[in-house]
Amino acid sequence: MQSLTAAGQQAVQQIAARHGFSPEAVTHMLWAVWNGNGSMAQFSHWEFGGSGQWMRGGMIMLGDMFNNQLKGRVDSLCSELSQLLASRSDLVPPAPAAVTWWPAWLGSPNATGAQNNTRYAYFANSRRLAVDTGGDVWVYDTLDHQIGGFSQQQGSGGGMTFSSQYGTVNLGSLPVVLRNGQEVQAAPVAAPASAPTPAPAYGAPAFNAPSSPVAAPPAGDATAIFAAIERLGDLQSKGLLTAEEFAAKKSELLGRL
Numbered sequence: 012m013q014s015l016t017a018a019g020q021q022a023v024q025q026i027a028a029r030h031g032f033s034p035e036a037v038t039h040m041l042w043a044v045w046n047g048n049g050s051m052a053q054f055s056h057w058e059f060g061g062s063g064q065w066m067r068g069g070m071i072m073l074g075d076m077f078n079n080q081l082k083g084r085v086d087s088l089c090s091e092l093s094q095l096l097a098s099r100s101d102l103v104p105p106a107p108a109a110v111t112w113w114p115a116w117l118g119s120p121n122a123t124g125a126q127n128n129t130r131y132a133y134f135a136n137s138r139r140l141a142v143d144t145g146g147d148v149w150v151y152d153t154l155d156h157q158i159g160g161f162s163q164q165q166g167s168g169g170g171m172t173f174s175s176q177y178g179t180v181n182l183g184s185l186p187v188v189l190r191n192g193q194e195v196q197a198a199p200v201a202a203p204a205s206a207p208t209p210a211p212a213y214g215a216p217a218f219n220a221p222s223s224p225v226a227a228p229p230a231g232d233a234t235a236i237f238a239a240i241e242r243l244g245d246l247q248s249k250g251l252l253t254a255e256e257f258a259a260k261k262s263e264l265l266g267r268l
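According to the numbering used here, the sequence shown is numbered sequentially starting from 12.
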């Protein structure tokens, strides 16, 4: 950690006396707010209840989660430090030009932080979140999330979550835009398998004509026989009998005369 300038150390002493924290704790918090570009802070100090997060506007989480008095004191401290850093540039010595680990086109992040082997940089204006896990740099689209803090379970970046207006969200739910500078294409959605078209039943008869479409009239009854032949002709004209079937039946009936 860099050392504060003489003006920064003097400001810390005054603020520590005003808020009832030690200069060492206030220095720790000043750097946390500074690393969060004055709008966020991720800290871990016993005077602040252990690990916690602060975001300008009133969002604060402490390890001592039910200590509302401490929450108010820490929020007041962070707010004053945020205003101080915004109004004065003589508290922190100029830092040497640093090589950023995220893509340069993202510009300056709104907040940065690190936990375990993972570090992140949040770019609210461009709705991007860069995460470095073991040397792999992933850039996520944060969609419409208004991110207020990060936390990480034991393990790699896959266990990272963040808080937004929708509550606690898993990092894995965000779309990946880049990995190590290369665009990541969304996996194409597989088209649903269409039902196979049933094969036509070639050779199947379109209609099974009744074996006896017309009741056989008594032998020797000419009137009935000719009426039956006439009905068979109707059936043939309607396509219910083939010409061969009509001819065979007609011959059979005529043979009864």
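Ideal Cβ placement from N, Cα and C applies to all residues, glycine included.
Worksheet item: Nearest CA to the CA of Trp65: which residue from Gly250, Ala141, Asp101, Gly124?
Response: Gly124
Worksheet item: Per DSSP, Pro122 forms a beta bridge with which residues?
Response: The identity of residue 122 in the sequence shown is Ala, whereas the question assumes Pro. Beta-bridge pairing links Ala122 to Tyr133.
Discussion item. Between the alpha carbons of Leu265 and Leu246, how many angstroms are there, rounded?
Written reply: 18 Å
Worksheet item: Taking DSSP as the reference, what is the three-state secondary structure of Ala28?
Response: helix
Worksheet entry | Sequence-distant residues of its chain with Cβ nearer than 7 Å to Leu117 (five each side left out) | Phe134, Ser137, Arg139, Ala141
Discussion item. Distance check for Asn46 and Ala52, CA to CA, integer angstroms please.
Written reply: Going by the C-alpha atoms only, they are around 7 Å apart.
Worksheet entry | Per-residue DSSP class, three states only, for Arg242 | In the three-state reduction of the DSSP assignment, Arg242 falls in the helix class.
Fill in: Whole runs of the alpha helix (DSSP H) within the stretch 28 to 74, excluding any shorter than 4 residues
34 to 46
Worksheet item: In terms of alpha-carbon separation, which member of Gln193, Val188, Ser174, Ala22 lies closest to Arg99?
Response: Per the Cα distances, Ala22.
Worksheet item: To which residues of the same chain is Gln176 closer than 6 Å at the C-beta, ignoring the five residues directly before and after it?
Response: Gln157
Worksheet item: Helix, strand or coil: which one does DSSP assign to Ser14?
Response: In the three-state reduction of the DSSP assignment, Ser14 falls in the coil class, being assigned neither a helical nor a strand state.
Worksheet item: For Trp112, which of helix, strand or coil comes out of DSSP?
Response: coil
Worksheet item: How about the stretch 27 to 36 and the stretch 55 to 63: do they share at least three Cβ pairs that are nearer than 8 Å?
Response: yes
Worksheet item: Would you call the CB atoms of Ala97 and Gly159 closer than 8 Å?
Response: no
Item to complete: Step through the CB atoms of chain C and report whether any lies within less than 8 Å of the CB of Val187.
Response: Considering every chain present, this structure includes no chain C. It has just one protein chain.
Discussion item. I need the DSSP call for Arg190, collapsed to helix, strand or coil.
Written reply: strand
Worksheet item: Shortest alpha-carbon distance to Asn67 belongs to which of Phe77, Gly74, Ala43?
Response: Rather than Asn, the amino acid found at residue 67 in this sequence is Arg. Among Phe77, Gly74, Ala43, the Cα nearest to that of Arg67 belongs to Ala43.
Worksheet item: Among Met171, Lys260, Leu189, Arg190, which has the Cα closest to the Cα of Phe237?
Response: Lys260
Item to complete: Could you say which of Asn191, Met171, Asp143, Arg190 lies nearest to Gly183 if we only look at CA atoms?
Response: Met171
Worksheet item: Among Asp75, Gln20, Ser90, Ser62, which one has its Cα closest to the Cα of Gly69?
Response: Ser90
Worksheet item: Measuring CB to CB, does Asp143 end up less than 8 Å from Leu185?
Response: no
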